[in-house]
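First up is the structure itself, then whatever we jot down about it.
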Amino acid sequence: MGLKLTSGTTVSSYSTETKAEEQKMSADPAKEVPVRAELFDFHGVPMIHYLTSNWEKVQSFQARPDDILVATYPKAGTTWVSYILDLLYFGQTSPERQTSIPIYERVPYLESSFPNLDSGIELLEKLPTSPRIIKTHFPVQFVPKSFWEQNCKIIYVARNAKDNMVSYFHMDRMTLTQPDPGDWNTYFQRFMQGQMLYGSWYDHVNGWWKKKQSYTNIHYMFYEDMIEDTGREINKLCNFLGLSPSEQLKTQISGKVNFNSMKNNNMVNYSTFGVMDFNVSRFMRKGKVGDWKNHFTVAQNEEFDEDYKKKIDPALNFRTGF
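Numbered per our numbering, the sequence shown spans residues 7 to 328.
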């Protein structure tokens with residue numbers, strides 16, 4: 007039986023049939039065909055079982071005071087900032103990791119629990135590096151309480167809603183564990199209604215912005231600022247983290263995290279992550295500001311802008327082009 011999201015659209019819960027399918031595909035990895043998950047209402051947020059099945063362990067996770075959490079709505083610059091942090095902390099001390107261990111193992115995805123892969127918690131438990139850099143797409147209310155109790159540093163990255171929607175659409179098309187995106191027009195409506203994995207973009211960016219007002223250890227970044235001047239944003243990150251790398255190192259890092267460099271780096275571009283079909287799209291596709299103009303119709307843009315004004319926190323100013 008489906009669960010009703012607030013929009014009124016029925017979505018399926020994590021059924022016994024889905025679980026049986028998952029177990030079947032886990033039993034024989036050689037014949038594994040990823041199963042597209044279905045959204046279900048989870049504590050008021052649309053989620054999928056791959057990201058909730060480890061809920062108790064995730065919620066009881068014991069953060070350390072020096073843990074660094076990178077939080078974003080999906081497709082807002084998570085990998086970009088994760089890679090910058092990994093290079094700042096370990097690029098010189100453990101250079102071999104950069105060429106032998108993919109970013110999704112160097113920066114574990116906290117809530118993930120995919121078949122035939124270590125869960126985020128399992129990866130974190132055996133992570134040899136310190137501080138631990140941890141990735142999440144959780145809305146602020148889902149973050150395990152130990153992160154707040156330990157006063158951990160948290161970096162939140164936000165991207166303008168229009169480009170975020172387009173990037174998310176292409177990721178959902180090529181990631182075979184994600185809910186089926188359907189066509190663009192359907193996806194556009196779903197995004198506006200918040201019927202997305204991890205819920206409403208508005209709730210996400212607004213919720214984290216509100217938390218920043220009371221929790222001082224959040225550095226709130228914008229994807230568009232990163233595109234405009236990566237070096238400047240790396241400096242701001244270093245100030246927040248209390249790091250003082252040499253100018254030479256910062257220049258080296260800026261070069262390595264250039265979009266085209268990352269797109270061609272197999273340890274960063276997710277080409278080794280088995281549930282993605284690069285024949286459909288690349289995980290790192292364009293990395294631009296304003297690509298939404300190639301997808302939105304004039305009517306969709308007008309509809310979106312009208313809706314946007316009602317939902318966005320007026321203190322948040324996003325740029326949709328330069």
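Note that beta-carbon positions come from the ideal geometry of N, C-alpha and C, so glycine has one too.
Requested in this report: Would you kindly check if the distance between the Cβ of Pro150 and the Cβ of Val64 is under 8 Å?
Outcome: Counting from 1 along the sequence shown, the entry for residue 64 is found at position 58. Counting from 1 along the sequence shown, the entry for residue 150 is found at position 144. In this structure, Pro150 lies closer than 8 Å to Val64 by Cβ.
Query raised in the report: Since Val304 contacts Gly327 with CB under 8 Å, what's their CB separation in whole angstroms?
Result: As a position in the sequence shown, residue 304 is number 298, starting the count at 1. As a position in the sequence shown, residue 327 is number 321, starting the count at 1. 15 Å between Cβ atoms; not a contact.
Query - Selected residue, minimal CA-CA separation from Thr222, among Glu253, Ala164, Glu155 and Phe228 - result: Numbered from its first residue, the sequence shown carries residue 222 at position 216. Thr222 has its Cα closest to that of Glu155, out of Glu253, Ala164, Glu155 and Phe228.
Report task. Would you list the one or two residues that DSSP bridges to Tyr226? Result -> For the purposes of this step, residue 226 is identified with residue 220 of the sequence shown, where counting begins at 1. Note: Tyr226 sits in a beta bridge opposite Tyr162.
Requested in this report: To the nearest angstrom, report how far apart Asp235 and Gln306 are at their CA atoms.
Outcome: In the sequence shown, residue 235 corresponds to position 229, counting from 1. In the sequence shown, residue 306 corresponds to position 300, counting from 1. If you take the alpha carbons of Asp235 and Gln306, they lie about 30 Å apart.
Report task. Check each candidate in Ala43, Pro134 and Ile140 and name the one with the smallest Cα separation from Tyr162. Result -> Here residue 162 is taken as the residue at index 156 of the sequence shown, counted from 1. The shortest C-alpha separation from Tyr162 is found at Ile140.
Query - Inter-residue spacing [alpha-carbon to alpha-carbon] between Val76 and Val113 - result: Stepping through the sequence shown from its first residue, residue 76 is reached at position 70. Stepping through the sequence shown from its first residue, residue 113 is reached at position 107. One C-alpha to the other measures close to 9 Å.
Query - 4 or more residues per run - each alpha helix (DSSP H) lying fully within the stretch 170 to 201 - result: 190 to 199
Query raised in the report: Using the rule of at least 16 other Cβ atoms within 10 Å of the residue's Cβ for burial, across every protein chain shown, is Ser32 buried or exposed?
Result: On the sequence shown, residue 32 is found 26 positions in, with the first residue counted as 1. Only weak support exists for where Ser32 lies, its pLDDT of 39 falling under 50; the value from the coordinates is given anyway. The residue is exposed, with fewer than 16 neighbouring Cβ atoms inside 10 Å.
Query raised in the report: What residue does the beta strand (DSSP E) around Asp313 start on, and which one ends it?
Result: Taking the sequence shown and counting its residues from 1, the one referred to as residue 313 is at position 307. From DSSP, Asp313 is part of no beta strand (DSSP E) but of the alpha helix (DSSP H) over Val304 to Lys317.
Query raised in the report: Relative to the alpha-carbon of Asp313, which residue among Glu239, Thr84 and Phe197 has its alpha-carbon at the smallest distance?
Result: As a first step, residue 313 is located in the sequence shown; it is residue number 307 there, counting from the start. Nearest of Glu239, Thr84 and Phe197 to Asp313, Cα basis: Phe197.
Query raised in the report: Would you report the Cα separation of Gln258 and Gly50, rounded to the nearest angstrom?
Result: The residue given as residue 258 occupies position 252 in the sequence shown. The residue given as residue 50 occupies position 44 in the sequence shown. Across the structure, Gln258 and Gly50 are spaced so that their CA atoms are roughly 43 Å apart.
Query - Separation of Ala167 from Asp311, as counted between CA atoms - result: Translated into the one-based positions of the sequence shown, residue 311 becomes position 305. Translated into the one-based positions of the sequence shown, residue 167 becomes position 161. Going from the Cα of Asp311 to the Cα of Ala167 covers about 10 Å.
Query raised in the report: Counting pairs of Cβ atoms below 8 Å between the stretch 52 to 64 and the stretch 109 to 123, do you hit three or more?
Result: yes
Query - Contact belief for Tyr204 with His143 at Cβ below 8 Å, rounded distance in angstroms - result: Here the question's residue 204 lines up with position 198 in the sequence shown. Here the question's residue 143 lines up with position 137 in the sequence shown. Confirmed, Cβ separation roughly 5 Å.
Requested in this report: Determine which residues share a DSSP beta bridge with Val274 and list them.
Outcome: Position 268 of the sequence shown, counting from 1, holds the residue named residue 274. Beta-bridge pairing links Val274 to no other residue.
Requested in this report: Within 10 angstroms of the Cβ of Pro71, are there 16 or more other Cβ atoms? Answer buried if so, exposed if not.
Outcome: Counted from its first residue, the sequence shown places residue 71 at position 65. Exposed, by the Cβ-count rule.
Query raised in the report: Looking only at its own chain, which residues have a Cβ that is under 7 Å from the Cβ of Asn170, when we skip the five neighbours before and after it?
Result: Numbered from 1 along the sequence shown, position 164 holds the residue referred to as residue 170. Cβ within range, chain order: Tyr79, Lys81, Ala82 and Trp207.
Query - Length of the line joining the Cα atoms of Gly188 and Asn266 - result: Counting from one through the sequence shown, the residue named residue 188 turns up at place 182. Counting from one through the sequence shown, the residue named residue 266 turns up at place 260. One C-alpha to the other measures close to 29 Å.
Report task. Consult DSSP for Pro52 and reduce its assignment to one of helix, strand or coil. Result -> One-based indexing of the sequence shown puts residue 52 at position 46. Residue state, collapsed to three classes: strand.
Report task. Round the Cβ separation of Ala164 and Val211 to the nearest angstrom and send it over; I've been treating them as touching at under 8 Å. Result -> Start at 1 with the first residue of the sequence shown, and residue 164 comes out as number 158. Start at 1 with the first residue of the sequence shown, and residue 211 comes out as number 205. That belief holds up - the Cβ atoms of Ala164 and Val211 are roughly 5 Å apart, short of 8 Å.
Report task. Could you have a look at Thr78 and say whether DSSP puts it in helix, strand or coil? Result -> Residue 78 sits at position 72 when you count from the first residue of the sequence shown. Of the three classes helix, strand and coil, the one that applies to Thr78 here is strand, per DSSP.
Query raised in the report: In chain order, which continuous runs of the beta strand (DSSP E) of length 3 or greater are located wholly inside the stretch 92 to 165?
Result: 139 to 142 and 159 to 164
**Report entry** Other residues of its chain near Ala26: CB distance less than 8 Å, five sequence neighbours each side excluded
**Finding:** The residue you call residue 26 lines up with position 20 of the sequence shown. Low per-residue confidence applies at Ala26: pLDDT is 41, beneath 50, and the placement is therefore not dependable enough to give any value.
Report task. Check whether the Cβ atoms of Trp190 and Asp319 sit closer than 8 Å, and answer yes or no. Result -> As a first step, residue 190 must be located in the sequence shown, where it is residue number 184. As a first step, residue 319 must be located in the sequence shown, where it is residue number 313. No, the Cβ-Cβ distance between Trp190 and Asp319 is not below 8 Å.
Query raised in the report: Since Phe46 sits in a beta bridge, which residues does DSSP pair it with?
Result: As a working mapping, residue 46 is identified with position 40 in the sequence shown. Paired residue(s): Met53.
Report task. Would you mind reading off the limits of the alpha helix (DSSP H) that contains His210? Result -> Here residue 210 refers to the residue found at position 204 when the sequence shown is read from its first residue. Residues Trp207 to Ser220.
Report task. Alpha carbon to alpha carbon, how far is Ser100 from Lys10? Give it in angstroms, no decimals. Result -> To locate residue 10, count along the sequence shown from 1; it is residue 4. To locate residue 100, count along the sequence shown from 1; it is residue 94. Because the pLDDT of Lys10 is 36, which lies under 50, any placement of that residue in the model is unreliable, and the number read from its coordinates should be weighed accordingly. If you take the alpha carbons of Lys10 and Ser100, they lie about 48 Å apart.
**Report entry** Extent of the continuous alpha helix (DSSP H) to which Ser252 belongs
**Finding:** By one-based count along the sequence shown, residue 252 stands at place 246. Counting along the chain, Ser252 falls outside any alpha helix (DSSP H), and DSSP gives it neither H nor E.
Report task. Could you tell me the distance, in whole angstroms, from the CA atom of Met232 to the CA atom of Asn264? Result -> By 1-based counting over the sequence shown, the position of residue 232 is 226. By 1-based counting over the sequence shown, the position of residue 264 is 258. Taking the straight line from one Cα to the other gives about 10 Å.
Query raised in the report: Distance, Cα to Cα, Gln98 vs Leu91?
Result: What you label residue 98 is simply residue 92 of the sequence shown in a count that begins at 1. What you label residue 91 is simply residue 85 of the sequence shown in a count that begins at 1. Going by the C-alpha atoms only, they are around 12 Å apart.
Query raised in the report: Quick one, which of Ile107, Lys256 and Glu44 has its alpha-carbon nearest Asn241's?
Result: Here residue 241 corresponds to residue number 235 of the sequence shown, with the count starting at 1. The shortest C-alpha separation from Asn241 is found at Lys256.
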